[in-house]
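Per mature numbering (1 follows the signal peptide of the UniProt record, and there is no 0): the sequence shown = residues -19 to -1, 1 to 390.
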Amino acid sequence: MKRYACILLALLFAGCATSRRSAVATAPQEKQYAVILSMDAFRWDLAGRSHTPTLDSLARVGTYAEIYPVYPSNTFPSHYAMATGLHPDHHGVVNNGFYDRTQGRRLSVFDSLDVRTPGFWGGEPIWNTAERQGLTANIFMWPGSEVPIGGRQATVWTRYSSKPDYYQRADWVIDAMTRPEAEIPQLVMWYFEEPDAAMHTYGPESPEAVGRAEHIDSVLRYFFREIRRSPVFDRINFIVTADHGMAELSPDRYINLLPLLDTAQVVRVVPGTPFGLEVKEEYADQAVRTLRRTGHMKAWRRERMPRRFHYGTHPTRLTNVIVIPETGWTLDYAPQERPVRKRGTHGFNNRDRDMHMVFYGSGPAFRKGYRQRSFQNQNMYLILCRLLGIEPAPNDGKWRDIKRMFNEN
């Protein structure tokens, strides 16, 4: 482990709901630590066209993978899938906003009252799994961590705010990990909202997106320089990842659904990607056929969604018709066409490469210089359980998809 610390510092500063318990049960002999950062929308190819020496060093000293998100490929469904190991159909956060038939209203992850609605969050997030087994978790702005879930919350948590800059956020983690050993949390999770914001405004291929990536890399350089002061540095496993990628939008790739459908048959519209339509039951098949013929989109009745999406089974939070636009296309439902103001967005087919993102794992548990095969990001829960040596709650992860990244598998 001392050798790992020297290598890391030299490189960084030279320039289903089925339990996976038995597969992951490899509790370390001594206490281990995990620190995971999510960089919102850090697409798989962004580092390759940016100057990111810190991230490049992480790939050399540890494990790197191009991974893909759960569906839908949006911020809250994906982050909470990483936290619980569950697909959105199973953890309940089926999109950033959705209509809940039991509540009789639209719910949003951005509404502080909605997220406190009983049953809003399903599953058991990793911070609760850890604390239930006697570990301590510090969670800084990770989506889903601001409210008690199952009557439990992390020992330390921070409400989301865009005001603290990234160096301040790094200092929160550094402070937590450089205390006397008895006070150091075993699990730390933190979050950056970039480069997502820049990519939405300017596009994923923009100089602004590259600038955000390079700023993040500078923050990480500072972070790893300071974190070496931790008395447990040799036992910390670091993960740097993202929740989804980003696709380029264009005003020319726009479809208004309203004139295509019999509006008298449309009960409710839940805009977004995917696009939700609640229509009268007798009209559902016709609506699907009409939308499919239009092109640049796929439409299904909820119960006929392809199995690969793991989407369509939630009993109360999905419309009876689900529409996924072709990557880069915008769907709308309006009396007249509206301009496409964003330059980038996500939520598209999670197997499309524009939706893919990065995974860096570095520390004593990870193989050095290893290129891991792609995996879906609900497996992050199992990875964290393995790093911490704890028993996972029931989850949708697949141990076989991730086991080869570890030094002892």
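Note that beta-carbon positions come from the ideal geometry of N, C-alpha and C, so glycine has one too.
This one's a predicted model, so the numbers in the text were calculated from it and none came from an experiment.
Take Met180 and list the residues in its own chain whose beta-carbon comes closer than 6 Å to its own, dropping the five residues that flank it on each side.
Residue 180 sits at position 199 when you count from the first residue of the sequence shown. Taken in chain order, the residues that qualify are Ala22, Ala190, Met227, Gly325.
By DSSP, does Ala46 sit in helix, in strand, or in coil?
The residue given as residue 46 occupies position 65 in the sequence shown. Assignment of Ala46 by DSSP, reduced to helix, strand and coil, places it in the strand class.
Per DSSP, the bridge partner or partners of Leu258:
Stepping through the sequence shown from its first residue, residue 258 is reached at position 277. Its beta-bridge partners are Val250, Val302.
Where does Gly350 land, buried or exposed, given buried means 16+ other C-beta within 10 angstroms?
Start at 1 with the first residue of the sequence shown, and residue 350 comes out as number 369. Result: exposed.
Member of Met278, Arg270, Ile303 whose CA lies at the smallest distance from the CA of Val251
For the purposes of this step, residue 251 is taken as residue 270 along the sequence shown, with counting starting at 1. For the residues Met278, Arg270, Ile303, the minimum Cα distance to Val251 belongs to Ile303.
Since Trp348 and Asn388 are thought to touch, with beta carbons under 8 Å apart, how far apart are those beta carbons, to the nearest angstrom?
The residue labelled residue 348 in the question sits at position 367 within the sequence shown. The residue labelled residue 388 in the question sits at position 407 within the sequence shown. In the sequence under discussion, the amino acid at residue 348 is Arg, which differs from the Trp named in the question. With a beta-carbon spacing of about 6 Å, Arg348 and Asn388 fall inside the 8 Å limit used to define contacts.
Give me the residue from Pro53, Ile107, Pro50 with the minimum Cα distance to Ala64.
Residue 64 sits at position 83 when you count from the first residue of the sequence shown. Taking each of Pro53, Ile107, Pro50 in turn and checking the Cα distance to Ala64, the smallest one comes out for Ile107.
Output needed for Arg86: all residues of its chain with C-beta closer than 8 Å, excluding positions within five of it in sequence on either side, in chain order.
The count along the sequence shown starts at 1 and reaches residue 86 at position 105. Within the same chain, Tyr80 come within 8 Å of Arg86 by CB-CB distance, once the 5 residues on both sides are set aside.
With His225 and Trp123 assumed to form a contact (beta carbons below 8 Å), what rounded beta-carbon distance in angstroms separates them?
Looking up residue 225 in the sequence shown gives position 244. Looking up residue 123 in the sequence shown gives position 142. Not confirmed; about 15 Å, so no contact.
Can you grab the Cα-Cα spacing for the pair Ser142 / Ser89, in whole Å?
What you label residue 142 is simply residue 161 of the sequence shown in a count that begins at 1. What you label residue 89 is simply residue 108 of the sequence shown in a count that begins at 1. Each residue's Cα considered, the two are about 17 Å apart.
Suppose the cutoff is 8 Å on Cβ atoms and the five residues either side in sequence are ignored; what does the same chain contact list for Gly293 look like?
The residue you call residue 293 lines up with position 312 of the sequence shown. Counting only residues of its own chain and dropping the five nearest sequence neighbours on each side, Gly293 has a CB closer than 8 Å to the CB of Asp70, Trp281, Arg283, Glu284, Arg285, Met286, Leu299, Ile303.
Go ahead and label Lys323 buried or exposed: buried means 16 or more other beta carbons lie within 10 angstroms of its beta carbon, across all protein chains shown.
If you number the sequence shown from 1, residue 323 lands on position 342. Using a 10 angstroms sphere on the CB of Lys323, the tally of other CB atoms stays under 16, which defines it as exposed.
Secondary structure, beta strand (DSSP E): runs of 3+ residues fully inside the segment 120 to 203
If you keep only unbroken beta strand (DSSP E) runs of at least 3 residues inside the segment 120 to 203, you get 137 to 139, 168 to 173.
So Leu363 packs on Pro375, CB below 8 Å; how close in whole Å?
One-based indexing of the sequence shown puts residue 363 at position 382. One-based indexing of the sequence shown puts residue 375 at position 394. At roughly 12 Å, the Cβ-Cβ gap does not stay under 8 Å, so Leu363 and Pro375 are not in contact.
Between the Cα of Lys261 and the Cα atoms of Val248, Asp146, Arg273, which residue gives the shortest distance?
Taking the first residue of the sequence shown as 1, we reach residue 261 at position 280. Answer by Cα proximity: Val248.
Would you tell me roughly how many angstroms separate the C-alpha atoms of Asn330 and Glu307, rounded to the nearest one?
Mapped onto the sequence shown, residue 330 falls at position 349. Mapped onto the sequence shown, residue 307 falls at position 326. Between Asn330 and Glu307, the C-alpha separation is close to 8 Å.
Quick check: the Cα distance between Asp333 and Glu164, rounded to an integer number of angstroms?
Residue numbering aside, residue 333 sits at position 352 when the sequence shown is read from its first letter. Residue numbering aside, residue 164 sits at position 183 when the sequence shown is read from its first letter. For Asp333 and Glu164, the distance between alpha carbons rounds to 43 Å.
Which one of Leu365, Thr56, Val169 has the shortest CA to CA distance from Met338?
If you number the sequence shown from 1, residue 338 lands on position 357. For the residues Leu365, Thr56, Val169, the minimum Cα distance to Met338 belongs to Thr56.
Comparing alpha-carbon positions, which option in Gly309, Arg113, Ala15, Ala265 lies nearest Gly328?
If you number the sequence shown from 1, residue 328 lands on position 347. Out of Gly309, Arg113, Ala15, Ala265, Gly309 has the C-alpha closest to the C-alpha of Gly328.
Beta-carbon proximity list for Leu27, same chain, < 6 Å, skipping 5 on both sides
In the sequence shown, counting from the first residue as 1, residue 27 sits at position 46. Hits under 6 Å: Ala194.
Output yes or no for whether 9 Å exceeds the beta carbon distance between Ile220 and Gly66.
As a first step, residue 220 is located in the sequence shown; it is residue number 239 there, counting from the start. As a first step, residue 66 is located in the sequence shown; it is residue number 85 there, counting from the start. Not in contact: Ile220 and Gly66 (Cβ atoms no closer than 9 Å).
Buried or exposed: where does Arg385 fall if 16 or more other Cβ atoms within 10 Å of its Cβ makes it buried?
Reading the sequence shown from its first residue, position 404 is the one you call residue 385. By the neighbour-count criterion, in which a residue is buried when 16 or more other Cβ atoms sit within 10 angstroms of its Cβ, Arg385 is exposed.
Secondary structure of Lys384, DSSP reduced to three states:
Position 403 of the sequence shown, counting from 1, holds the residue named residue 384. It is helical.
When we look at the beta-carbon of Gln167 and count the other beta-carbons within 10 Å, is it buried (16 or more) or exposed?
Position 186 of the sequence shown, counting from 1, holds the residue named residue 167. Buried, by the Cβ-count rule.
Identify whether Pro375 lies in helix, strand or coil by the three-state DSSP scheme.
The residue labelled residue 375 in the question sits at position 394 within the sequence shown. DSSP, read as helix, strand or coil, puts Pro375 in coil.
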